[in-house]
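To start, the structure itself, in structure tokens.
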């Protein structure tokens, strides 16, 4: 599901009228700016930031600059996008490591922001990168925070330094200081200090945080803030900036449906970059924050870069080539289909993936209706077949179908539907592989566009070049097939097999393609 | 604590009226009021409706006095807040209270304080540690139970089904004649369908043994407009009967609860104002509005 979903809905709505108009008048801009203002306020962006943002957008939209452009409406989208990126911190920033280890990272934030969990995530992430992190339990305030950190550390497989039992006993400044010596002695290259949650108005605890900072001289002080926080984000961020002066921000609980306006406010008010985003309860739900991608998400332009990265991780190229060959030689079986489906699932939730695609905002409703378990059911049906049946669907007579239905807990009708769709799709793929134009009902270009990106172009090439030389033609077909494969297989997995989701987006596409061209994607 | 609160609590709204005795109501006033209300997380909708109402009143009484405006604002907020019944209903024996909310809002802390609050009135209390998911949540609740001097039912094994812990807690209360049962649940984001269903299961299991007296949704005062979505989701899945507003000792004003109340009809029942065990009080609309506006 697209993060910032509700905000992108609002902005898309408010910009829709603008897109359709040929010319841009001052009142158009005013109306749009009002909508943006309201959307941002409902997203909990701080009022000051909203005012600054909207006046900047308004000014740029009305300047001569915009009138020179071919399509003023697109210009406004671009302006909003650029301004969003600007506020979100421009370029992505990485953790800075100390020249002489250990690198010290200190975490600070309000109670319940998610510091302890984040400490575990950060440690695990660093460990994957080949670092040797050590966690330090300097939250001696909250009951059993030390125990929690120990459990988290165990899950992440990293050392936890906890000399004090916590629950109000012990001096966190001393613990932090000792931890650094300990890390140097035992040659850990990163120290992550988990501190107690504190309120911005609590002068005493704020001083304690400042003391920890002074005692350990950390390379990075990360301010952990809940994505659901409201207007208070600014006051809190300022208090922490004055109190401990953090160097970067981590946005937690981004997997909820909070519109995440706090991200905009904090980055804008403190001028500190947002470095990481935490997106779930598992220790792996943690990723570097990309301002440009996030801005695109807000505007519902899709997060294609992330999607491609995930796709590259999940798809095995060799296997893809093999499958492409199978298409061409008409030996694509249900077994291969099952493998394809499992590969697709390796990429994570289908919903999450579709949510990253441009225009997904418009199909959010359909997305909510889409049942992830449908895939599991399809898998169950295929797995209830014998290898011979999977290789040759012609074998499937009535009694075999009944057996499969019983084995998978489905009805014969379901089995029939699956087999019917599979045969249809296999025929289509054969056509594609042989260079024909497939008649695929309801297969929008969207699912294919996400993978690799080259598919559209290759399809066009195929229409034009029908070489008379059989060898040359076969080579062309092979190239075509390998390009086509992942996309079309995924697409038919999506729509050809009754796992709908692609259809509703179709009418959205021309519009979004335009905008995408605008940003040079 | 009281001093600390008057320093920060509702600061934005109060600043509006300090040193303003000699001022008259003009266009700037409405802008400032809008800034203050939005800054207190009331949200654009409530802000608009409050300002419209006040404008109409100012028009009707033809006043230009700031003190009048302040009084009208206080009355307006108080009226909105007291639309619903804020008393806790704990007449069943045992009275079962389920505490739910998203991650990190202060559920466990609230339970500790609530248990103390009830024992102060001479009630016997048992808490059930049904947060079997988060690391060390059971230990955290154990510490609070010890501080409040109440009994606790822990899961028998690691990662036990939360519904079964709830079941055992009520069983314990029935056998020992404990009057009030408070059940802690794991924090869950309201967007996670599976986890919300789990909450439904806990509720069903508990209801087989004893009727549930209250389902309290804990909301963090620093939350913004997302609080509304939280409340709606939890109302749908867990049948929330009342709200607890926590972390009011910070600089946040929690204005979003007004929107929550109006959209869902859920009354605020308890207010948490600190990390000490005595920092939990019942909710009084009059006092809340007074603190907010001054």
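Protein chains in written order, with our numbering: chain D, 1 to 521; chain W, 522 to 815.
Backbone N, C-alpha and C fix where the C-beta goes; we use that ideal spot for every residue, glycine too.
Bear in mind that the values here come from a model prediction, so they are computed numbers and not experimental data.
Cβ neighbours of residue i in the same chain (closer than 8 Å, five flanking residues each side left out)
i: residue 576/W; result: 551
i: residue 87/D; result: 49, 53, 264, 267 and 268
i: residue 144/D; result: 166 and 167
i: residue 238/D; result: 200, 269 and 270
i: residue 70/D; result: Here residue 70/D scores only 49 on pLDDT, less than 50, and its place in the model is too uncertain to base an answer on.
i: residue 225/D; result: 109, 110, 113, 233, 236, 237, 249, 250, 251, 252, 262 and 266
Cross-chain neighbours of residue i in chain W, by beta carbon under 7 Å
i: residue 537/D; result: With chain D covering 1 to 521 only, the question about residue 537/D has no answer from this structure.
i: residue 264/D; result: What residue 264/D touches in chain W: nothing, since even the nearest Cβ is about 12 Å away.
Residue i vs residue j beta-carbon contact at 8 Å
i: residue 268/D; j: residue 49/D; result: yes
i: residue 647/W; j: residue 671/W; result: yes
i: residue 706/W; j: residue 615/W; result: no
i: residue 190/D; j: residue 126/D; result: yes
i: residue 194/D; j: residue 121/D; result: no
i: residue 219/D; j: residue 98/D; result: yes
i: residue 810/W; j: residue 583/W; result: no
i: residue 559/W; j: residue 651/W; result: no
i: residue 735/W; j: residue 639/W; result: no
i: residue 104/D; j: residue 216/D; result: yes
i: residue 137/D; j: residue 146/D; result: yes
i: residue 737/W; j: residue 765/W; result: yes
8 Å Cβ cut-off: residues of chain W touching residue i
i: residue 261/D; result: 745
i: residue 113/D; result: 625
i: residue 253/D; result: 623, 624, 625 and 710
i: residue 110/D; result: 743, 768 and 771
Those residues which DSSP pairs with residue i across a bridge
i: residue 717/W; result: Residue 717/W pairs with nothing; no bridge assigned.
i: residue 133/D; result: 190/D
i: residue 161/D; result: 136/D
i: residue 252/D; result: 226/D
i: residue 287/D; result: 277/D
i: residue 195/D; result: 138/D
i: residue 802/W; result: 792/W
i: residue 704/W; result: 619/W and 649/W
i: residue 59/D; result: None, per the DSSP bridge assignment.
i: residue 106/D; result: 193/D and 221/D
i: residue 586/W; result: 545/W
i: residue 765/W; result: 739/W and 791/W
Chain-ordered neighbours of residue i on chain D, where CB pairs are closer than 8 Å
i: residue 565/W; result: 38, 41 and 42
i: residue 559/W; result: 41, 47 and 231
Contact set between residue i and chain D, taken where Cβ atoms lie within less than 7 Å
i: residue 573/W; result: In chain order: nothing, as chain D lies at least about 16 Å away.
i: residue 657/W; result: 144, 147, 148 and 151
i: residue 814/W; result: Simply none; closest approach about 17 Å.
i: residue 777/W; result: 230
Beta-carbon proximity list for residue i, same chain, < 7 Å, skipping 5 on both sides
i: residue 240/D; result: 108, 200, 223 and 246
i: residue 133/D; result: 123, 126, 127, 158, 188, 190 and 192
i: residue 62/D; result: 26 and 29
i: residue 745/W; result: 562 and 777
i: residue 687/W; result: 649, 651, 704, 723, 726 and 727
i: residue 669/W; result: 633, 636, 637, 640 and 798
Beta-carbon contacts of residue i that lie in its chain and below 6 Å, excluding the five residues immediately before and after
i: residue 689/W; result: 674
i: residue 285/D; result: 279
i: residue 164/D; result: 140, 170 and 175
i: residue 186/D; result: none
i: residue 382/D; result: 334 and 338
i: residue 666/W; result: 648 and 673
i: residue 385/D; result: 404
i: residue 694/W; result: 615, 647 and 702
i: residue 684/W; result: 722, 723 and 726
i: residue 803/W; result: none
i: residue 60/D; result: 79
i: residue 659/W; result: 650 and 675
Within chain W, the residues that residue i reaches when beta carbons sit closer than 9 Å
i: residue 122/D; result: Near residue 122/D there are no residues of chain W at all, since even the closest Cβ is about 15 Å away, more than 9 Å.
i: residue 167/D; result: 664
Within chain D, the residues that residue i reaches when beta carbons sit closer than 9 Å
i: residue 678/W; result: The premise fails here: residue 678/W is roughly 15 Å from chain D at the closest Cβ pair, so nothing lies under 9 Å.
i: residue 660/W; result: 143, 144, 147 and 148
Minimum Cβ-Cβ distance from residue i to chain B less than 8 Å
i: residue 796/W; result: Protein chains in the displayed structure are D and W, and chain B is not among them.
Checklist entry - Between the segment 617-638 of chain W and chain D, which residues of the former have CB atoms less than 9 Å from a CB of the latter, in chain order? => result Residues 623, 624, 625, 626, 627, 629, 630 and 633.
Checklist entry - When Cβ atoms are compared, which residues of the segment 222-238 of chain D fall closer than 9 Å to chain W? => result Under the 9 Å Cβ criterion, the segment 222-238 of chain D contributes 226, 227, 228, 229, 230, 231, 232, 233, 234, 235 and 236.
Next on the checklist: For the segment 44-64 of chain D, list every residue whose C-beta sits within 7 Å of some C-beta in chain W, in sequence order.
Outcome noted: Cβ contacts with chain W: 44 and 47.
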